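Structure first, then comments.
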Amino acid sequence: MTVPQVLHRARDTARELAWLFKGVMGENAYQAYLDHHERTHPGGLPMTEREFWRDKTDRQDANPEGRCC
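The sequence shown begins at 503 in the working numbering and counts up by one.
Below you can see the structure in the form of structure tokens.
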């Protein structure tokens, strides 16, 4: 492999790891919500990011057995 190929592969691997980490930590939850909302409610107004996170934490607080910590 040439140096540019190694760098390209390293960059791709770093992006995949970042995507995986964000998924595990829940950082991409709002984007996943927007994607789902667009598919299931085309043209509908989605929650703002602030509203989404408030709703998510309210649901977690109401159902604490649904999470590990």
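Just so it is clear, CB atoms sit at the ideal spot from N, CA and C, and this is done for glycine as well. None of these values were measured; they are calculated from a predicted model.
{"Item": "Helix, strand or coil at M549 [DSSP, three-state]", "Value": "coil"}
{"Item": "Span of the alpha helix (DSSP H), counted from its first residue to its last, around G528", "Value": "Per DSSP, G528 belongs to no alpha helix (DSSP H) and is neither H nor E."}
{"Item": "Contact between the stretch 546 to 566 and the stretch 518 to 537 (3+ Cβ pairs under 8 Å)", "Value": "yes"}
{"Item": "Expected contact under 8 Å - CB spacing of H539 and G528 to nearest Å", "Value": "Not quite, the Cβ-Cβ distance comes to about 17 Å (not below 8 Å), so this is no contact."}
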